[in-house]
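In our numbering, the protein residues as written are 4 to 467. The beta carbon of each residue, even a glycine, is placed where N, CA and C say it ideally should be.
This is how it looks when you write it as structure tokens:
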């Protein structure tokens, strides 16, 4: 195999593992009713099964990206796939809801170790337009994996019915993960270690960032179980930890220490805006898919497979639009991302109009059409935003640069599930119908997309 072919095969290995890990953020959604029945999971357990995975993935991305930049991305990629595969097996054998939550956290750690290596490997392997194509494919993987999870989960549950069928949603990762590790050992380049880089770590930064994220996320998931004074205290602590983290990173950078988050990245043209847009996108999209999947099964009585089929236009739209957006962004720039957010808002407005009344069979066809519009918008946001945000990041910062973006995506996903899920379950507890609960929960998605469109429009000139 020539060097050109080997590069693209190596990319395929990386994208397969990345797709598998990002797919697991949503593939479990259609299995939640079965898990609730089989393990006696509470509503808080269901939120943690989804949000905890994204949280764990997000928390280890930045330190993993830094370690990969210094010691080699190939090794870190293989380690990440191994941890994720082991976590998947543990999740499949879980005997309680608590054990499943812990296994999901372990899975998330593996996903957080492997994903920042992918963007770094792309920076190492490709240059010029080829790099744009590679990042376009990565953006496609991110967009499609975020939307196709319910359909894949529904197909697995259809093939493995019964009260224990949900376990195969996790077991299916084992052969894929093992194959990806073997191919990575054989195909991925060794990569060069950064001899001149500071190899120290930033344990205080890791601790402060973890405490800040957890203190803000935990009260959102446990919203109905905690008293108001406790909720307020946790939010205040979260803000204090976040401020302490930023101050610590600034101080460490001035002293020339090994910072966890290189704040100089945010001085690169368009980088900070791109991270913020990625964060807002996932705040809205992940929570929306979480509640809509529950509504289709618990509210409309559909099977997991039918629910996945109804949601499949999200993935179809993203799959079609992502490569188009990844190419068009080189010519039209920020207008591609803004068009994507506008399409998302248009589709969400249509879905909101359907949820104001009971959805009939004809209404479900219109729901599929509006989901297709949202999916096209997703494809025009994720891939082009990824290309734009990383366009000015030098290769030696590629791992940490990509890790910060993905951290924004995953923390946004966890936050979106926490907020939207809490609103949804709170509305149900007050006697509201399923449709009304999803509609009110959608306000998070609408607000996030509207903010992103506004910020993207205002800052359009700052982006490359």
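Item: Compare the Cα-Cα distances from residue 358 to each of 32, 349, 370, 163 and report the closest residue.; Value: 370
Item: Please report the Cβ distance between residue 271 and residue 344, rounded to the nearest whole angstrom; I am assuming they are in contact, meaning their Cβ atoms lie under 8 Å.; Value: 22 Å between Cβ atoms; not a contact.
Item: Can you give me the start and stop residues for the alpha helix (DSSP H) that residue 178 sits inside?; Value: 176-190
Item: For the candidate residues 75, 407, 24, 212, whose alpha-carbon lies nearest to that of residue 109?; Value: 24
Item: Quick one, which of 288, 287, 289, 312 has its alpha-carbon nearest residue 299's?; Value: 312
Item: Would you identify the three-state DSSP class for residue 395, choosing helix, strand or coil?; Value: coil
Item: Rounding to the nearest angstrom, what Cα-Cα distance links residue 433 and residue 447 in this structure?; Value: 19 Å
Item: Assign residue 301 to one of three DSSP states: helix, strand, or coil.; Value: helix
Item: Under three-state DSSP, which class holds residue 27?; Value: coil
Item: Nearest-angstrom Cα distance between residue 200 and residue 320?; Value: Here the model assigns residue 200 a pLDDT of 47, short of 50, so the residue's position is not dependable, and the following value carries that caveat. Distance between the alpha carbons of residue 200 and residue 320 is about 42 Å.
Item: Put residue 332 into one of helix, strand or coil per three-state DSSP.; Value: helix
Item: For the alpha helix (DSSP H) containing residue 353, name the first residue and the last one.; Value: 337-358
Item: Within 10 angstroms of its Cβ, does residue 315 collect 16 or more other Cβ (buried), or is it exposed?; Value: buried
Item: Quick one: Cα of residue 441 to Cα of residue 419, how far?; Value: 13 Å
Item: Please classify residue 43: does DSSP put it in a helix, a strand, or coil?; Value: coil
Item: Give the single residue among 112, 389, 330, 154 whose Cα lies nearest to the Cα of residue 56.; Value: 112
Item: Here's the rule: buried if 16 or more other CB atoms are within 10 angstroms of the residue's CB, otherwise exposed. What is residue 189?; Value: exposed
Item: Whose CA, out of 275, 120, 31, lies closest to the CA of residue 472?; Value: Outside the modelled stretch of the chain, which goes from 4 to 467, sits residue 472, for which no answer is possible.
Item: Helix, strand or coil for residue 130, going by three-state DSSP, please let me know.; Value: coil
Item: On the three-state DSSP scale, how would you describe residue 409?; Value: helix
Item: Where does residue 110 fall in DSSP's three states?; Value: helix
Item: Which two residues bound the contiguous alpha helix (DSSP H) that contains residue 433?; Value: Here residue 433 belongs to no alpha helix (DSSP H), and DSSP marks it neither H nor E.
Item: Compute the distance between the beta-carbons of residue 275 and residue 269, then report whether it is under 8 Å.; Value: yes
Item: Check whether the segment 131-142 and the segment 386-396 touch, using three or more Cβ-Cβ pairs below 8 Å as the test.; Value: yes
Item: Any idea what DSSP makes of residue 173, helix, strand or coil?; Value: helix
Item: Of all the options 350, 124, 100, which has the alpha carbon lying nearest to the alpha carbon of residue 397?; Value: 124
Item: Residues in its own chain within less than 6 Å of residue 328 by CB, not counting five upstream and five downstream?; Value: 339, 382, 383, 386, 387
Item: If we count the other Cβ atoms within 10 Å of its Cβ and call it buried at 16 or more, is residue 8 buried or exposed?; Value: exposed
Item: Cβ of residue 334 within 8 Å of Cβ of residue 192?; Value: no
Item: Quick one: Cα of residue 46 to Cα of residue 40, how far?; Value: 11 Å
Item: Report all residues from its chain with a CB closer than 6 Å to the CB of residue 59; omit the five preceding and five following residues, and keep chain order.; Value: 108, 111, 112
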